[in-house]
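Asks: Its first residue numbered 5, the sequence shown is counted upward by one per residue in this note's numbering.
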Amino acid sequence: MDFQTHQDEAKQGTFKLVLLFSAGVVAIIALVSALLTVVLAYTTSEIDPLAAIAIAAPATLLGVGGASLAKSAQIKSGGGSYVATSMGGRSVDFNTLDPAEKQLSNVVEEIAIASGMAVPAVFVLDNEPGINAFAAGWSPDNSAIGVTRGALQHLTRAELQGVIAHEFAHIRNGDTKIKTRIIGWVFGIAILTVLGRILLESIWFAPRRRRSNNKDDNGIVFAMMAAGIGLLIIGSVGTLFARMIQAAVSRQRELLADASAVQFTRNPDGLGEALSKIGGMAGENKIRSAHAVEAGHLFFSSPMTSAFATHPPLKTRISRLMPSWDGTFHEPAPEVASPVQAPNQDHAAGWGTNSGQMLPGQAGLPGMPANKALPFDPAILLGGIMASGQTSPAESSPNVAPPQDLSGPHDMSAPQAAGAQSYQPPHFDGPNDDHISYARELLARIPEETQNYLHTRGGAVASVLGLLVSDEPVQREKDLAYAASATGLEPSYLEAASQVISKLDRPLQLPAIDIALHSIRETPWEFQETLRHTVLTIESSHPQQDLFRWMLRRVMLRHLDDQRDTGSSKHDLKFENLEAEAITVLAAIAWFNSSGIEWAPGAFTAALVACNLAPRDLPAVDTLSVAQVDTALDRLSRLTLAGRKTFVTGAMAIVAHDATTTADEAELIRVVADAVRLPVPPLLPR
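Have a look at this one:
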């Protein structure tokens, strides 16, 4: 399959359809404005025609636009989990004992880490025996993936991987956001039909005593009737064509997601065979949920074949994936559903489970008493990790101190052997099978008990907070005490948990943090706000802060903020508009490059060349601060996609200037890319 050609065709098709849809919306607004102008001129002889237009056009735009924005906001506010729950989905505990659900969670984590994206919430639709799946959510950080029980029963791992890669492609390509906006405009157009009915019903059901033989009154009634009929016709016809274009856009995005999934896995047969099994279960794949009609465009497959079909025909999709396909659908063999295990009883009391229990440490939220035994003993867990011979933080962490005042002492010595592996440049166009294989390898190297621990909310919170506390004994004790008071966890527990991630080999630490962040995103928003405040308070108490803690704080706060979608995720600025911000961050990266201070000017010059910026001197280190870098990164996150790629290319030029990219530098590139909301797969070892 030539997936790149198919991707280009789907993108071009989407652009043309969105342009057509936009033109249709403008035409509908113009027609309604003209109708209202005629009505105003007919009913009010004193009004000037231009004045009538001045009233009618804004009123129409306000009505249609307001309804559209309201509908989009309603969908956006719930996030992917809201959509999944409304469809009858059940949240999957990543520590599940159900083999099928465990395989699902493993596949989701692999693709998330391989694509440089947040691990989404995962749901199973237990009452749906057909093969189907969907992705929903406004942004990658509040997205969710749902899979039917039939898909878990009938798909092999390769087929399931193809389906999940397809759903990740929807999230990465911004399809859910595109579809949400179109849904909003379709709703706004449909409102015209409702208004027309209201006008006609108000005339039809008006009391007889209110009717008059006065010609002026009859003229007004006639005008209102004409307006009602006009709105009814324009709204109905407009909605009809809008839904047809909406379906056409959805079909193009499905083809794009198919092509992207093949790019991810390099296994078109996996996705193709999954679609073939769907065809073999004709009539059994219809979603039974009452919300299936309004959410039909989100699903992996749809049985509709008309102009309103949200998905291309199965035969078309399979033929594009497997050109040698013989046209025969494969009916999956009947399988017995694997038993769904109840959550561990120890988990059900509070911190352990991700199935809806609340966290302590927040007023009004039920939770576990501070002295409640946790499902994992971090001391025992750490004993097993240290016995495995893994390196300590001192052996793998760079001794770099970027404090609030960056002019403080810092050691730019070469990294230890643990971080001396050379890495390939970043891959901007999504992951491929090499990245997925590498992600699977990284996850396999993280001990199972560590993953299980990080899959619990308490373990995730304690481990991440433990990484942020100071190494200086007195300040560390203060940090632990404050974190304990905020979260309800014992300081001794936080102390032990602080080494769960830091004892891992350096390339494993970011994937482990990704696992922990997924569990943290499952906590109530009120607790996340408390956690955010705790992180900032701990950071503000440190006169100096090393590079790893700064990176962890950036990743953690960015994902917590974006889950609530604070509105900072617009990408509308060009690179040339933010050159000053780019210079600030690139200079900071150059100064803190592990190759040494003597390399900084040359590395900075390499970044300028990569970004096509005019030559200039490297800003002095004492002119930079953590606050400046944070502010600059926040601004740079608003760059267009091309601008963000240019910026990250410049950052990569710095760390590659000495012809070697270490594990520490590879992490830095991933964090900088994450800070500007550019999903970048993990850098592959050479």
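We treat Cβ as the ideally placed atom computed from N, Cα and C, and that holds for glycine.
#1: Taking the DSSP output, what are the residues bridged to Ile-187?
#2: With burial defined as no fewer than 16 other Cβ atoms inside 10 Å of the residue's Cβ, what is the status of Pro-619: buried or exposed?
#3: Rounded to whole angstroms, how far is the Cβ of Gln-107 from the Cβ of Arg-161, which I believe are closer than 8 Å?
#4: Measure the CB-CB distance between Leu-514 and Leu-469 and report whether it falls below 8 Å.
#5: Hey, quick one: how far does the beta strand (DSSP E) through Val-151 stretch, first residue to last?
#6: Applying the 10 Å Cβ sphere with the 16-neighbour rule, what's the burial state of Leu-672?
#7: Can you tell which of Met-555, Gly-463, Val-29 and Glu-105 has its C-alpha closest to the C-alpha of Val-680?
#8: First and last residue of the alpha helix (DSSP H) that includes Ala-139?
#9: Please state whether the Cβ-Cβ distance between Gly-188 and Leu-65 is less than 8 Å.
#10: Could you confirm whether any beta carbon from chain D is found closer than 8 Å to the beta carbon of Leu-275?
#11: Starting from Leu-129, trace the beta strand (DSSP E) both ways and give me its first and last residue.
#12: From Gln-428 to Arg-553, what distance separates their C-alpha atoms?
#13: Looking at the strands, I want to know which residues DSSP matches up with Tyr-427.
#14: Tell whether a beta-carbon distance below 8 Å holds between Gly-166 and Ala-286.
#15: Which of the three DSSP states, helix, strand or coil, is assigned to Phe-98?
#16: DSSP three-state label for Thr-357, please.
#17: Could you say if the stretch 26-45 and the stretch 225-236 meet the contact criterion of at least three C-beta pairs nearer than 8 Å?
#18: Counting pairs of Cβ atoms below 8 Å between the stretch 177-186 and the stretch 247-267, do you hit three or more?
#19: Whole angstroms is fine: what's the gap from His-315's alpha carbon to Arg-257's?
#20: By DSSP, does Leu-643 sit in helix, in strand, or in coil?
#21: Measuring only the C-alpha atoms, how far is Gln-16 from Thr-454?
#22: So for Leu-577, helix, strand or coil by DSSP?
#23: Per DSSP, what are the beta-bridge partners of Phe-691 in this structure?
#24: Check Ile-117 in the structure and name its three-state DSSP category.
#25: In whole angstroms, what separates the C-alpha of Ala-624 from that of Asp-550?
#26: If contact is defined by three or more beta carbon pairs under 8 Å, each pair taking one atom from either stretch, is the stretch 24-39 in contact with the stretch 229-242?
#27: Under 8 Å by Cβ, that's how I've got Leu-446 and Pro-511 pegged, so tell me the actual separation to the nearest angstrom.
#28: Taking the C-alpha atoms as reference points, what is the distance between Asn-271 and Ala-261?
#29: Alpha carbons only, please: which of Phe-579, Asp-483, Gln-503 and Ala-140 is nearest the one belonging to Ala-636?
#30: For the pair the stretch 470-481 and the stretch 527-537, tell me if three or more CB-CB distances fall below 8 Å.
#31: Taking only three categories from DSSP, how would you classify Ser-502?
#32: CA-CA distance, Thr-89 and Ala-194?
#33: Taking the alpha carbon of Ala-660 as the reference point, which residue from Ala-604, Val-465 and His-439 has its own alpha carbon closest?
#34: Closest to His-177 by C-alpha separation, out of Ser-544, Ala-265 and Glu-105, would be which residue?
#35: Under 8 Å, do Leu-129 and Gly-92 count as touching if we go by C-beta distance?
#36: So, for Met-390: in the same chain, excluding its five sequence neighbours on each side, which residues have a beta-carbon less than 7 Å away from its beta-carbon?
Replies: The short version:
#1: Stepping through the sequence shown from its first residue, residue 187 is reached at position 183. DSSP lists no partner for Ile-187.
#2: Here residue 619 corresponds to residue number 615 of the sequence shown, with the count starting at 1. Pro-619 is exposed by the Cβ-count criterion.
#3: Taking the sequence shown and counting its residues from 1, the one referred to as residue 107 is at position 103. Taking the sequence shown and counting its residues from 1, the one referred to as residue 161 is at position 157. That belief holds up - the Cβ atoms of Gln-107 and Arg-161 are roughly 6 Å apart, short of 8 Å.
#4: Your numbering for residue 514 matches position 510 in the sequence shown. Your numbering for residue 469 matches position 465 in the sequence shown. No, the pair does not count as a contact, with Cβ atoms beyond the cut-off.
#5: As a position in the sequence shown, residue 151 is number 147, starting the count at 1. Counting along the chain, the beta strand (DSSP E) containing Val-151 begins and ends at 148-152.
#6: Along the sequence shown, read from residue 1 onward, the residue named residue 672 stands at position 668. The residue is buried, with at least 16 neighbouring Cβ atoms inside 10 Å.
#7: To locate residue 680, count along the sequence shown from 1; it is residue 676. It is Met-555 whose Cα lies nearest to the Cα of Val-680.
#8: Within the sequence shown, the letter at position 135 stands for residue 139. Per DSSP, Ala-139 belongs to no alpha helix (DSSP H); it is in the beta strand (DSSP E), 137-140.
#9: What you label residue 188 is simply residue 184 of the sequence shown in a count that begins at 1. What you label residue 65 is simply residue 61 of the sequence shown in a count that begins at 1. Contact: no.
#10: No chain D appears in the structure shown, which is made up of a single protein chain.
#11: Sequence index remark: in the sequence shown, residue 129 carries index 125 (1-based). Its beta strand (DSSP E) spans residues 125-129.
#12: Sequence index remark: in the sequence shown, residue 428 carries index 424 (1-based). Sequence index remark: in the sequence shown, residue 553 carries index 549 (1-based). So the alpha carbons of these two residues sit roughly 24 Å apart.
#13: Start at 1 with the first residue of the sequence shown, and residue 427 comes out as number 423. Beta-bridge pairing links Tyr-427 to Pro-689.
#14: Reading the sequence shown from its first residue, position 162 is the one you call residue 166. Reading the sequence shown from its first residue, position 282 is the one you call residue 286. Contact flag unset, no.
#15: On the sequence shown, position 94 is the one that residue 98 refers to. Reduced to three states, the DSSP call for Phe-98 is coil.
#16: For this step, residue 357 is matched to residue 353 along the sequence shown. Because the pLDDT at Thr-357 is just 42, under 50, the model does not fix this residue reliably, and the point stays unresolved.
#17: yes
#18: yes
#19: Taking the first residue of the sequence shown as 1, we reach residue 315 at position 311. Taking the first residue of the sequence shown as 1, we reach residue 257 at position 253. Roughly 9 Å separates the two Cα atoms.
#20: What you label residue 643 is simply residue 639 of the sequence shown in a count that begins at 1. Strand, per DSSP.
#21: The residue given as residue 16 occupies position 12 in the sequence shown. The residue given as residue 454 occupies position 450 in the sequence shown. Their backbone Cα atoms lie some 45 Å apart in a straight line.
#22: Working through the sequence shown from its first residue, we reach residue 577 at position 573. Correct three-state label for Leu-577: strand.
#23: Missing from the structure shown is residue 691; the chain here goes from 5 to 690 and no further.
#24: On the sequence shown, residue 117 is found 113 positions in, with the first residue counted as 1. Reduced to three states, the DSSP call for Ile-117 is helix.
#25: Against the sequence shown, residue 624 aligns to sequence position 620. Against the sequence shown, residue 550 aligns to sequence position 546. Taking the straight line joining both Cα atoms gives about 19 Å.
#26: yes
#27: Translated into positions along the sequence shown, residue 446 becomes position 442. Translated into positions along the sequence shown, residue 511 becomes position 507. With a Cβ gap of about 7 Å, Leu-446 and Pro-511 count as contacting.
#28: Locating residue 271 in the sequence shown gives position 267, where the first residue counts as 1. Locating residue 261 in the sequence shown gives position 257, where the first residue counts as 1. Their Cα atoms are separated by approximately 14 Å.
#29: Start at 1 with the first residue of the sequence shown, and residue 636 comes out as number 632. The option with the nearest alpha carbon to Ala-636 is Phe-579.
#30: no
#31: Here residue 502 corresponds to residue number 498 of the sequence shown, with the count starting at 1. The answer is coil: DSSP assigns Ser-502 none of H, G, I, E or B.
#32: One-based indexing of the sequence shown puts residue 89 at position 85. One-based indexing of the sequence shown puts residue 194 at position 190. Roughly 26 Å between the two C-alpha positions.
#33: In the sequence shown, counting from the first residue as 1, residue 660 sits at position 656. Checked all of Ala-604, Val-465 and His-439; the closest Cα to Ala-660 is Ala-604.
#34: Within the sequence shown, residue 177 is the residue found at index 173, counting from 1. It is worth fixing the name first, because residue 177 is Asn in this sequence and not His. Selected option, being the one with the closest Cα: Ala-265.
#35: Residue 129 sits at position 125 when you count from the first residue of the sequence shown. Residue 92 sits at position 88 when you count from the first residue of the sequence shown. Against a cut-off of 8 Å, the Cβ pair of Gly-92 and Leu-129 comes out as a contact.
#36: Here residue 390 corresponds to residue number 386 of the sequence shown, with the count starting at 1. Model confidence at Met-390 stands at a pLDDT of 32, short of 50, so the residue's coordinates are unreliable; what they give is reported in the following sentence. Excluding positions up to five away in sequence, the list reads Lys-507.
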